[in-house]
Amino acid sequence: MVLLVVMVALLSLRGAESRKLGQISESFEYSAISCRAHTASITDFGGVGDGQTSNTKAFRDAINQLSRYSSDGGSQLFVPAGKWLTGSFNLTSHFTLYLHKDAVLLATQSQDLNEWPVIKPLPSYGRGRDAAGGRYTSLIFGTNLTDVIITGDNGTIDGQGALWWQKFHQGKLKYTRPYLIEIMYSSGLQISSLTLLNSPSWNVHPVYSSDILVQGITIIAPVRSPNTDGINPG
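With mature numbering (1 follows the signal peptide of the UniProt record, and there is no 0) applied, the sequence shown corresponds to residues -18 to -1, 1 to 216, in that order.
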């Protein structure tokens, strides 16, 4: 088992005041680029944290609705305790994704294109890393964003990568494996106070981006898991 604890500071940020989420009784503190004027819980959008129900639609619907507040003080999506099964979803600007300490985002093991849309290879690569074609969108993805925070009270993001690793070793991948977190063409990014487990491939990939802070991240993957790099900025 490989255990990597990361403390990287690429941007100095000021601490934010403790905020209370809507009807949620818990309050918490986090370091933030800014406080958010609007908050919601994934349960407000039908999310079910039982480890079996797909929450892909709930996450996509939540962020789509919260994106309306990007020019009105920004927004925050709270993920409470539970196991939240989901496919890929896109972030928005002036946005915080906050995981409770007992929250686990579980990447779905389905390779259905509705759960993992395929996008073009990175321009700097010109082709996929695992296959000649495109690549599966990362579990948490964003492009052309400003002021994005992914954080929590050491909540967990579990990529459930074993099936992806197996297909990689067998040469059965049609597209390149997804990363856990990828942010492209963006600025003002903070990723902190999380545990990242068993990514299908790279864990954190900020690319073509600037003003980035990564701190307090624990990354765990088996020794023989292929390409589960910790942080690969580009």
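Ideal Cβ positions, reconstructed from N, Cα and C, are used throughout, including at glycine. Since the structure is predicted, the reported quantities are computational estimates derived from the model, not experimental observations.
Tell me residue i's beta-bridge partners as DSSP assigns them.
i	result
Ile130	Sequence check: residue 130 is Val here, not Ile. According to DSSP, which records beta bridges pairwise, Val130 is partnered with Phe77 and Leu171.
Tyr190	DSSP lists no partner for Tyr190.
Leu145	BP columns for Leu145 are empty, so no partner.
Phe123	Asn72 and Glu164
Phe117	The sequence given here has Arg at residue 117, not Phe. Paired residue(s): Ile101 and Thr158.
Val61	Leu81
Leu179	Asp140 and Ile202
Ser36	Leu67
For residue i, which of the options has the nearest alpha-carbon?
i	options	result
Thr133	Ala22, Gln148 and Lys83	Lys83
Glu97	Phe123, Gly115, His76 and Tyr80	Phe123
Ala89	Tyr80, Thr119 and Ala114	Thr119
Tyr157	Arg109, Ile173 and Gln197	Arg109
Gln34	Ser49, Gln91 and Ile131	Gln91
Thr78	Ala113, Tyr107 and Arg18	Arg18
Val30	Gln58, Ala85 and Ser57	Ala85
Ile194	Asn214, Leu171 and Leu179	Leu171
Gly137	Leu95, Thr177, Trp146 and Leu155	Thr177
Leu81	Thr128, Gly28, Lys102 and Ala22	Ala22
Asp26	Val61, Asp54 and Tyr51	Val61
Ser36	Gln197, Thr68 and Val130	Thr68
Trp146	Gly216, Arg206, Gln58 and Gly55	Arg206
With a 10 Å radius around its C-beta and 16 neighbouring C-beta atoms as the bar for buried, classify residue i as buried or exposed.
i	result
Gly4	Unreliable placement is indicated for Gly4, whose pLDDT of 48 sits below 50; no coordinate value is reported for it.
Pro105	exposed
His151	exposed
Thr210	buried
Leu121	buried
Ile202	buried
Leu(-16)	Because Leu(-16) carries a pLDDT of 48, less than 50, the predicted location of this residue cannot be relied on, and no value is offered for it.
Asp140	buried
Gln148	exposed
(message) Is it the case that the region 175 to 191 contacts the region 150 to 167, given that we only count it when at least three CB pairs across the two stretches are under 8 Å?
(response) Flag = yes, the region 150 to 167 and the region 175 to 191 touch.
(message) Across the region 70 to 84 and the region 40 to 58, are there enough close Cβ pairs to call them in contact, namely three or more that are closer than 8 Å?
(response) yes
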